[in-house]
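S.K.:
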């Protein structure tokens with residue numbers, strides 16, 4: 014009787030041990046799976062955003078090159094706005110174009126004053142050349158349009174262009190800038206670029222409703 | 201007896217104090233103040249400002265680009281173009297939503313506090 018009790022107690026103990034270790038292994042396995050899945054999702058997400066950013070972030074620019082990009086990028090938007098002033102009859106588009114000219118000229122003036130103060134000569138580079146080539150293409154496309162087709166194409170261009178410039182300033186120019194004043198100027202430009210994008214998107218939404 | 205005396209003394213000290221405080225409140229309300237709205241990084245700061253009728257508001261442009269302040273609903277008032285460093289003063293007569301016509305996303309609000317019975321009597 015006593016012996017059978019001991020056997021039952023040992024068997025129960027063994028069963029409990031097996032069950033506990035079984036649950037532990039199962040829990041660890043499930044956890045690992047979950048972690049692996051999470052890591053996989055994160056990796057996928059990371060790899061996409063990394064690819065998008067790496068094209069910008071890998072580009073090394075010196076301060077004179079950044080100054081050149083800043084001036085060229087602002088001048089391009091002024092050129093597009095001047096074309097809009099020639100071609101549009103729409104008051105809201107005219108007002109928007111005038112704001113682009115005034116604001117981007119103000120930024121160019123600030124950048125010019127800073128490079129003069131720092132005794133830096135803006136240096137043409139791969140990025141500033143690419144911006145100019147793209148600009149020539151979009152100006153050509155816009156010149157071929159008229160009336161409301163022009164207005165829509167111009168506003169579409171402004172939305173796309175400001176998004177691209179904001180990304181370039183955030184991901185390429187600011188991280189590469191060495192001089193603190195140049196970096197601060199670039200950071201101060203961002204809110205006005207975002208306001209321009211918001212304004213262009215507002216006009217684009219109005220066109221979509223009409 | 202002692203408690204009554206103490207209460208009496210306490211009231212005698214506190215009553216003039218509260219009276220003076222109340223009087224000071226009325227006179228402060230009656231005197232127009234000058235408030236500041238700074239324009240920084242494409243924002244009116246503070247975006248919402250509480251003022252009394254007759255107070256002045258100075259808009260100061262501390263941004264990189266030109267701005268203005270324009271009453272939104274009926275264009276009742278509009279500042280001139282404020283270049284960087286420029287300022288403009290206006291006397292507030294009523295509550296108003298305003299914005300910058302150059303950058304329509306920039307918005308602000310002036311809230312005129314309702315005149316209290318005391319301030320109405322004073323005026």
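Protein chains in written order, with this note's numbering: chain A, 14 to 223; chain B, 201 to 323.
For each residue, glycine too, the CB sits at the ideal point set by N, CA and C.
Can you give the beta carbon distance from residue 120 of chain A to residue 264 of chain B, rounded, assuming they're within the 8 Å contact cut?
M.R.: The residue labelled residue 120 of chain A in the question sits at position 107 within the first chain. The residue labelled residue 264 of chain B in the question sits at position 64 within the second chain. Rounded, the Cβ-Cβ distance is 7 Å, consistent with contact.
S.K.: Ignore the nearest five residues each way along the sequence and tell me which others in residue 287 of chain B's own chain have a CB closer than 8 Å to its CB.
M.R.: Translated into the one-based positions of the second chain, residue 287 of chain B becomes position 87. Contacts found: 258, 259, 260 and 261.
S.K.: Of all the options A:101, A:134, A:71 and A:93, which has the alpha carbon lying nearest to the alpha carbon of residue 82 of chain A?
M.R.: Residue mapping note: residue 82 of chain A aligns to position 69 of the first chain, counting from 1. Of the listed residues, the one whose Cα sits closest to residue 82 of chain A is A:134.
S.K.: Which of the residues in the region 228 to 249 of chain B, read from start to end, lie with their CB under 8 Å from any CB of chain A?
M.R.: Listed in sequence order: 241, 242 and 243.
S.K.: Is it a yes or a no for the region 73 to 88 of chain A touching the region 189 to 209 of chain A, going by three-plus beta-carbon pairs under 8 Å?
M.R.: yes
S.K.: Kindly indicate if chain B contains any beta-carbon less than 9 Å away from that of residue 78 of chain A.
M.R.: Position 65 of the first chain holds residue 78 of chain A. So no, residue 78 of chain A is outside the interface.
S.K.: Using three-state DSSP, classify residue 82 of chain A as helix, strand or coil.
M.R.: Start at 1 with the first residue of the first chain, and residue 82 of chain A comes out as number 69. Three-state result, residue 82 of chain A: helix.
S.K.: Could you tell me whether the region 197 to 212 of chain A touches the region 298 to 309 of chain B, using the rule of 3 or more Cβ pairs below 8 Å?
M.R.: yes
S.K.: Could you pull out every residue in the same chain whose Cβ sits closer than 6 Å to the Cβ of residue 277 of chain B, ignoring the five residues on either side in sequence?
M.R.: Counting from 1 along the second chain, the entry for residue 277 of chain B is found at position 77. The answer, listed in chain order, is 271.
S.K.: By how many angstroms is the C-alpha of residue 197 of chain A removed from the C-alpha of residue 128 of chain A?
M.R.: As a working mapping, residue 128 of chain A is identified with position 115 in the first chain. As a working mapping, residue 197 of chain A is identified with position 184 in the first chain. Spanning the two alpha carbons is a distance of roughly 13 Å.
S.K.: Quick check on residue 275 of chain B - is its C-beta less than 9 Å from some C-beta in chain A?
M.R.: Residue mapping note: residue 275 of chain B aligns to position 75 of the second chain, counting from 1. With 9 Å as the cut-off, residue 275 of chain B does not count as an interface residue toward chain A.
S.K.: Identify each residue in the region 115 to 138 of chain A for which the Cβ-Cβ distance to at least one residue of chain C is less than 7 Å, and report them in chain order.
M.R.: Among the protein chains of the structure shown, namely A and B, there is no chain C.
S.K.: Which one of B:266, B:280 and B:256 has the shortest CA to CA distance from residue 312 of chain B?
M.R.: Residue mapping note: residue 312 of chain B aligns to position 112 of the second chain, counting from 1. Of the listed residues, the one whose Cα sits closest to residue 312 of chain B is B:256.
S.K.: Which runs of the alpha helix (DSSP H) spanning at least 4 residues fall entirely within the region 139 to 203 of chain A, listed in chain order?
M.R.: You should have 139 to 156 and 160 to 181.
S.K.: What's the gap between the Cα of residue 222 of chain B and the Cα of residue 296 of chain B?
M.R.: Position 22 of the second chain, counted from the start, is the residue given in the question as residue 222 of chain B. Position 96 of the second chain, counted from the start, is the residue given in the question as residue 296 of chain B. At residue 222 of chain B the pLDDT is 48, less than 50, meaning the model places this residue with poor confidence and gives no usable figure here.
S.K.: Of all Cβ atoms in chain B, is any one closer than 9 Å to the Cβ of residue 67 of chain A?
M.R.: For the purposes of this step, residue 67 of chain A is taken as the residue at position 54 of the first chain. At residue 67 of chain A the pLDDT is 47, less than 50, meaning the model places this residue with poor confidence; the figure from the coordinates comes in the next sentence. Judged by the 9 Å Cβ criterion, residue 67 of chain A is not in contact with chain B.
S.K.: Where does the unbroken alpha helix (DSSP H) through residue 113 of chain A begin, and where does it stop?
M.R.: Here residue 113 of chain A is taken as the residue at index 100 of the first chain, counted from 1. Counting along the chain, the alpha helix (DSSP H) containing residue 113 of chain A begins and ends at 104 to 131.
S.K.: Relative to the C-alpha of residue 299 of chain B, which candidate in B:253, B:244, B:233 and B:232 has its C-alpha closest?
M.R.: Within the second chain, residue 299 of chain B is the residue found at index 99, counting from 1. It is B:244 whose Cα lies nearest to the Cα of residue 299 of chain B.
S.K.: For residue 260 of chain B, decide whether its Cβ has a neighbour in chain A, counting only Cβ atoms nearer than 9 Å.
M.R.: Taking the first residue of the second chain as 1, we reach residue 260 of chain B at position 60. It does not; no Cβ of chain A falls within 9 Å.
S.K.: Thinking C-beta only, is residue 168 of chain A closer than 9 Å to residue 109 of chain A?
M.R.: Taking the first chain and counting its residues from 1, one reaches residue 109 of chain A at position 96. Taking the first chain and counting its residues from 1, one reaches residue 168 of chain A at position 155. Contact flag set, yes.
S.K.: Cβ closer than 9 Å: which chain B residues qualify as neighbours of residue 223 of chain A?
M.R.: Here residue 223 of chain A is taken as the residue at index 210 of the first chain, counted from 1. In chain order: nothing, as chain B lies at least about 17 Å away.
S.K.: Going by beta carbon distance, what residues of the same chain come within less than 6 Å of residue 136 of chain A, once the five residues before and after it are set aside?
M.R.: Taking the first residue of the first chain as 1, we reach residue 136 of chain A at position 123. So the qualifying residues of the chain are 77, 78 and 81.
S.K.: Starting from the C-beta of residue 247 of chain B, find all residues in its chain whose C-beta is less than 6 Å away, skip the five residues before and the five after it, and write them out in chain order.
M.R.: In the second chain, counting from the first residue as 1, residue 247 of chain B sits at position 47. So the list reads 308, once near-sequence residues are dropped.
S.K.: Quick one: which chain A residues come within Cβ less than 7 Å of residue 304 of chain B?
M.R.: Taking the second chain and counting its residues from 1, one reaches residue 304 of chain B at position 104. What residue 304 of chain B touches in chain A: 212 and 215.
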